[in-house]
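Numbering (our numbering), first residue to last: 2 to 188. For every residue, glycine included, the Cβ atom is placed at its ideal position computed from N, Cα and C.
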Amino acid sequence: CWEKASKLLKVINMLKPFKKCFDREVFNKIYVSYIRPHIEYMIPMLGKIPAYIMKQLESVQYDTALLVSGCVKGSSYKILLNELAWNSLEERFLMARLTTMYKIDYKIVPENLYWRTTHKASHPAIITHNYNLRNALDTNVHDELQFQPKLSSLKKTISKTSFMPSAIEEWNNFDPNCKRSATLKTF
2 CWEKASKLLK
12 VINMLKPFKK
22 CFDREVFNKI
32 YVSYIRPHIE
42 YMIPMLGKIP
52 AYIMKQLESV
62 QYDTALLVSG
72 CVKGSSYKIL
82 LNELAWNSLE
92 ERFLMARLTT
102 MYKIDYKIVP
112 ENLYWRTTHK
122 ASHPAIITHN
132 YNLRNALDTN
142 VHDELQFQPK
152 LSSLKKTISK
162 TSFMPSAIEE
172 WNNFDPNCKR
182 SATLKTF
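And the structure:
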């Protein structure tokens with residue numbers, strides 16, 4: 002991740018000589034179209050991003066915000082984000098995880114992803130029988146559960162912070178009124 006951040010910082014430094022040639026909108030489009038997608042590409046892999054990695058990624062966004070706005074180094078990061086109408090990367094990552102959970106809830110994803118997160122007993126792959134097995138999918142429950150995926154007890158920290166467990170935890174703690182949005186656009 003540090004390698005990715007340092008490569009993006011090199012790209013930003015290459016753009017600095019053109020600061021006087023182009024206006025703010027051009028640099029904003031360059032960031033939104035070419036730099037930010039490289040940062041956001043890591044969202045599905047990481048889930049909750051460790052603080053030291055988030056700091057590196059936010060520094061890339063900060064340097065780009067300085068370039069786009071024309072402000073000097075040392076300017077307030079929050080003020081820059083407000084001026085440029087950008088969200089912090091942490092907010093964007095959270096919304097990406099919640100959007101994925103919304104899509105799972107409303108079945109806008111492939112069926113295998115939906116079934117893996119909800120553990121519905123009526124799925125054809127689940128075999129019902131009279132044996133007492135420890136597998137959570139091997140159940141004798143025949144009624145469907147509402148979509149409320151539960152985070153099982155995970156022993157390793159890396160498992161807790163991976164994408165799906167962290168997204169499920171954030172979804173379960175998310176505002177129920179927002180979860181009931183009629184469309185993805187209104188969500």
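Inter-residue spacing [alpha-carbon to alpha-carbon] between ASP106 and GLU91: 23 Å
Backbone CA spacing between VAL110 and GLU41 [nearest angstrom]: 19 Å
VAL73 beta carbon less than 8 Å from that of ILE36: no
Backbone CA spacing between LEU185 and LEU68 [nearest angstrom]: 33 Å
Backbone CA spacing between PRO18 and ASN83 [nearest angstrom]: 25 Å
8 Å Cβ cutoff met for GLU6 and GLN57: In the sequence as presented, Glu is not what sits at residue 6; that position holds Ala. Yes, the pair counts as a contact, with Cβ atoms nearer than the cut-off.
Under 8 Å between C-beta atoms of SER89 and ARG25: no
Backbone CA spacing between ARG93 and TYR78 [nearest angstrom]: 16 Å
N-terminal and C-terminal residue of the alpha helix (DSSP H) that LYS30 is part of: In the DSSP assignment, LYS30 falls within the alpha helix (DSSP H) that extends over 25-31.
Cβ-based burial, MET15 [other Cβ within 10 Å; buried from 16]: exposed
Rounded separation between TYR63 and GLU112 - CA only: 39 Å
Under the three-state DSSP convention, the category ARG181 falls into: coil
Member of HIS39, THR100 and ILE169 whose CA lies at the smallest distance from the CA of SER182: Cα-wise, what sits closest to SER182 is THR100.
Inter-residue spacing [alpha-carbon to alpha-carbon] between THR187 and TYR103: 11 Å
Close-in-space but distant-in-sequence residues of the same chain around ALA168 (CB under 7 Å, 5 per side omitted): So the list reads GLY48, ARG98, THR101 and MET102, once near-sequence residues are dropped.
Sequence-distant residues of its chain with Cβ nearer than 8 Å to LEU10 (five each side left out): SER60, VAL61 and ASP64
Per-residue DSSP class, three states only, for ASN14: helix
Rounded C-alpha distance that separates CYS22 from PHE164: 41 Å
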